[in-house]
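S.K.:
Protein chains in written order, with this note's numbering: chain L, 2 to 118; chain B, 330 to 442.
1) Is it a yes or a no for the stretch 330 to 350 of chain B touching the stretch 49 to 63 of chain L, going by three-plus beta-carbon pairs under 8 Å?
2) Against residue 404 of chain B, what residues of chain L qualify as contacts under a CB-to-CB distance less than 9 Å, listed in chain order?
3) Could you check which residue in B:344, B:357, B:343 and B:341 has the C-alpha nearest to that of residue 401 of chain B?
4) From the DSSP output, in three-state form, read off residue 357 of chain B for me.
5) Which same chain residues, not among the five before or five after residue 345 of chain B, have their C-beta less than 8 Å away from its C-beta?
6) Please confirm if residue 34 of chain L has its CB atom under 7 Å from at least one CB of chain B.
7) DSSP has residue 88 of chain L in a bridge; who is on the other side?
8) Would you verify that the beta carbon of residue 47 of chain L is, or is not, closer than 7 Å to some beta carbon of chain B?
9) Under 7 Å between C-beta atoms, does residue 95 of chain L make it to chain B?
10) Taking 7 Å as the threshold (beta carbon to beta carbon), is residue 372 of chain B in contact with chain L?
11) For the beta strand (DSSP E) holding residue 54 of chain L, just list the boundary residues, first then last.
12) According to DSSP, what are the bridge partners of residue 337 of chain B?
13) Chain B partners of residue 11 of chain L, CB-CB under 7 Å?
14) Going residue by residue through the stretch 6 to 33 of chain L, where are the continuous beta strand (DSSP E) segments of at least 3 residues, counting only ones entirely within it?
15) Within the 7 Å Cβ cut-off, does residue 382 of chain B reach chain D?
16) Measuring alpha carbon to alpha carbon, tell me which residue in B:385, B:376, B:440 and B:442 is nearest residue 445 of chain B.
17) Whole-angstrom Cβ separation of residue 436 of chain B and residue 419 of chain B, contact assumed at under 8 Å?
18) Beta-carbon within less than 8 Å of residue 399 of chain B's beta-carbon, same chain only, minus the 5 sequence neighbours each way: which residues are those?
19) Hey, does residue 388 of chain B have any beta-carbon neighbour from chain L nearer than 7 Å?
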């Protein structure tokens with residue numbers, strides 16, 4: 002079974018500063034990794050995903066994440082945040098190529114990114 | 330293209346009642362997944378349907394059930410409601426598998442009194 006740990010429940014950052022949201026996973030098989038964002042009173046939106054290939058993945062809104070297999074991590078980064086980035090960020094994992102990926106995504110508990118002016 | 334539509338947006342029920350939530354996926358999407366979101370447990374996978382068949386199920390009691398129709402629309406049902414069932418229920422659709430981009434609806438906020 003897979004699991005996801007997001008170590009920080011809240012991360013306060015000043016506007017235009019860089020940010021890193023941490024995500025670690027555990028799985029006995031190869032994995033697919035995702036970051037989703039949830040704005041207040043909305044559903045989740047996909048920021049980026051890693052399925053295979055280059056370990057540095059670029060997503061929407063200037064976010065990127067790096068897959069590190071040896072450290073079982075998939076940290077999310079942005080070089081300069083904006084007030085509109087205030088949201089809940091979820092890391093998720095699914096087992097790779099398990100007959101169509103039908104095992105469902107396992108989500109972390111989320112990290113609330115708070116941008117301070 | 331219309332997004333994922335969930336109805337109703339809010340529901341208030343009492344313990345012991347049952348409830349049915351509806352989800353209309355994006356046109357052409359055949360996979361529909363359901364998640365329960367609570368402040369304490371976060372997002373937890375309920376089940377996933379593809380072509381009217383339940384393809385996988387999370388770790389929830391049998392009171393939670395679902396189905397998918399031939400037009401890919403899906404419903405989930407919770408019987409004998411408990412206070413702990415109060416949550417935001419999110420539906421997500423994708424073309425064929427959840428490993429593709431999942432498109433989420435805004436959810437149904439269920440309150441059990």
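Built from N, CA and C at the ideal position, the CB exists for glycine as well.
M.R.: According to the structure data:
1) no
2) Position 75 of the second chain, counted from the first residue, corresponds to residue 404 of chain B. Correct list: empty, because the minimum Cβ distance to chain L is about 18 Å.
3) As a first step, residue 401 of chain B is located in the second chain; it is residue number 72 there, counting from the start. Cα-wise, what sits closest to residue 401 of chain B is B:357.
4) Here residue 357 of chain B is taken as the residue at index 28 of the second chain, counted from 1. Of the three classes helix, strand and coil, the one that applies to residue 357 of chain B here is coil, per DSSP.
5) Position 16 of the second chain, counted from the start, is the residue given in the question as residue 345 of chain B. Taken in chain order, the residues that qualify are 409 and 410.
6) As a working note, residue 34 of chain L is residue 33 in the first chain. Cβ-Cβ to chain B under 7 Å: no for residue 34 of chain L.
7) Here residue 88 of chain L corresponds to residue number 87 of the first chain, with the count starting at 1. DSSP, once it has assigned bridges, lists L:114 as partnering residue 88 of chain L.
8) Along the first chain, one-based indexing puts residue 47 of chain L at 46. For residue 47 of chain L, the answer is yes, since a Cβ of chain B falls inside 7 Å of its Cβ.
9) As a working mapping, residue 95 of chain L is identified with position 94 in the first chain. Output row for residue 95 of chain L: interface = yes.
10) The sequence position of residue 372 of chain B within the second chain is 43, counting from 1. Closer than 7 Å: yes.
11) On the first chain, residue 54 of chain L is found 53 positions in, with the first residue counted as 1. Neither: residue 54 of chain L is in no beta strand (DSSP E) and is coded neither H nor E.
12) Here residue 337 of chain B refers to the residue found at position 8 when the second chain is read from its first residue. According to DSSP, residue 337 of chain B bridges with nothing at all.
13) To locate residue 11 of chain L, count along the first chain from 1; it is residue 10. Neighbours of residue 11 of chain L on chain B: none; closest Cβ ~13 Å, over 7 Å.
14) 11 to 15, 20 to 22 and 25 to 27
15) Among the protein chains in the structure shown, which are L and B, there is no chain D.
16) As displayed, chain B neither begins before 330 nor continues past 442, which places residue 445 of chain B out of reach and without an answer.
17) As a working note, residue 436 of chain B is residue 107 in the second chain. As a working note, residue 419 of chain B is residue 90 in the second chain. Contact holds; Cβ gap of about 5 Å.
18) Here residue 399 of chain B is taken as the residue at index 70 of the second chain, counted from 1. The answer, listed in chain order, is 381.
19) By 1-based counting over the second chain, the position of residue 388 of chain B is 59. Not an interface residue.
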